[in-house]
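Reviewing the structure listed below.
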Amino acid sequence: MTFALKLELPSDPELLGVVRSVVQQLATVTGFSDEECRGITVAVDEAVTNIIRHAYQDRHDQAIGLVCQRRDDRLEFILTDSGLPVDPQRLREKPLGELRGGGLGTHIIQQVMDQVHYERLPEGNRLRLVKYLKHKDAGGE
Amino acid sequence: MKASTRQVGNATVVDIVGAIDLHSSPDLRKLLLETVREKAAPRVVVNLQRVDYIDSSGIAALVEGLKTSMGLKSRFVLCGLGPAVREVLKLTQLITVFQVCENEEQALRA
Chain D
1 MTFALKLELP SDPELLGVVR SVVQQLATVT GFSDEECRGI TVAVDEAVTN IIRHAYQDRH
61 DQAIGLVCQR RDDRLEFILT DSGLPVDPQR LREKPLGELR GGGLGTHIIQ QVMDQVHYER
121 LPEGNRLRLV KYLKHKDAGG E
Chain U
142 MKASTRQVGN ATVVDIVGAI DLHSSPDLRK LLLETVREKA APRVVVNLQR VDYIDSSGIA
202 ALVEGLKTSM GLKSRFVLCG LGPAVREVLK LTQLITVFQV CENEEQALRA
């Protein structure tokens, strides 16, 4: 079963719980294990948190788009915002010892998700996260 | 998230309930630093038994509490970690940085 859920929410940290509920339920019905569901949930939460903190500099009234796409073999999450560009240094996989100044959230995203792709578009940032079901063919798109 | 402190012998126990995320972690950070610095507790036990979610900002608050306590030569112990907390601590590879006990009783003796 393929479908998409589209959310548009303000960059208010109080709504992170709503995002987590949606993602957790979606991951569960897609067939991920409990541990994978928790990992996917924290990864998407961290991605939204990064948008609030870094792209929007802790402004709580800006728009965040979250599209959750369920496909037969994977879940995809596309996060969009119109904030500041992402510092490429933040996306670089760093040894944990270098994470003193932040970057734990990005590290978690990279550990959990199978694909992490960031694009800077004219209208803002776009982050695509993909997690494949293990028991299905993980042959890509 | 709700967080409170209580005294057990010479230890201060921090009880946390609910989700620790970007919304709630500033309150947790404040409480931990107040507990470590102002109460000058020789032992701080953070009971996470009723925490069902933690993100990197929550982990950062715990790390800050730990670092502050190390500077003051007090002990900072985590206990009651459920799967959600344990997995995020493992993902960040910070679980080895903390003294972790199964339950509060052990943490008070650690």
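Chains as they are written, first to last, in the working numbering: chain D, 1 to 141; chain U, 142 to 251. We put the CB at the ideal spot given by N, CA and C, even for glycine. Predicted, not measured: the structure shown is a model, and the values here were computed from it.
For residue 195 of chain U, which residues of its own chain have a beta-carbon under 7 Å away from its beta-carbon, when the five flanking residues on both sides are left out?
-> 161, 225, 226 and 229
Report the rounded CA-to-CA distance for residue 156 of chain U versus residue 176 of chain U, giving the unit in angstroms.
-> 12 Å
Secondary structure of residue 261 of chain U, DSSP reduced to three states = Nothing can be reported for residue 261 of chain U: it is not among the residues displayed for chain U, which extend from 142 to 251.
Does any residue of chain U bring its CB to less than 9 Å from the CB of residue 28 of chain D?
-> no
State the Cα-Cα distance for the pair residue 233 of chain U and residue 114 of chain D, rounded to the nearest angstrom.
-> 17 Å
Let me know if residue 136 of chain D comes out buried or exposed under the rule of 16 or more other beta-carbons within 10 Å of its beta-carbon.
-> Caution applies to residue 136 of chain D, whose pLDDT of 47 falls short of 50 and renders its modelled position unreliable; the value that the coordinates give is listed next. With fewer than 16 Cβ atoms within 10 Å of its Cβ, residue 136 of chain D is classed as exposed.
Using only alpha-carbon positions, find the residue among D/18, D/124 and D/23 that is nearest to residue 171 of chain D.
-> Chain D is shown from 1 up to 141; residue 171 of chain D falls before or after that span and cannot be answered.
Assign residue 99 of chain D to buried or exposed, taking buried as 16 or more other Cβ atoms, counted over all protein chains shown, within 10 Å of its Cβ.
-> Per-residue confidence for residue 99 of chain D stands at a pLDDT of 48, beneath the threshold of 50, marking its modelled position as unreliable; the derived number appears in the next sentence. Counting Cβ neighbours within 10 Å, residue 99 of chain D comes out buried, since at least 16 surround it.
In the DSSP assignment, find the unbroken beta strand (DSSP E) run with residue 63 of chain D in it and report its ends.
-> 63–71
In angstroms, rounded to a whole number, what distance separates the CA positions of residue 143 of chain U and residue 182 of chain U?
-> For the pair residue 143 of chain U and residue 182 of chain U, the Cα-to-Cα distance works out to about 21 Å.
According to DSSP, is residue 243 of chain U helix, strand or coil?
-> It is coil, neither helix nor strand.
Would residue 18 of chain D be called buried (16 or more neighbouring beta carbons within 10 Å of its own) or exposed?
-> exposed
Residue 200 of chain U touches chain D at which residues, Cβ-Cβ below 8 Å?
-> 104
Using DSSP bridges, identify the partner residues of residue 10 of chain D.
-> D/63
Under 7 Å between beta-carbons, which chain U residues line up against residue 57 of chain D? List them in chain order, please.
-> Per Cβ cutoff of 7 Å: no residues; residue 57 of chain D is ~13 Å from chain U at best.
For residue 133 of chain D, name the three-state secondary structure that DSSP assigns.
-> coil
Per-residue DSSP class, three states only, for residue 103 of chain D = coil
How about residue 202 of chain U and residue 173 of chain U: are their beta carbons less than 9 Å apart?
-> yes
Are the stretch 23–41 of chain D and the stretch 54–64 of chain D touching, with three or more C-beta to C-beta distances below 8 Å?
-> no
Whole-number beta carbon distance between residue 104 of chain D and residue 118 of chain D, since they are thought to touch under 8 Å = The Cβ separation is near 17 Å, so there is no contact.
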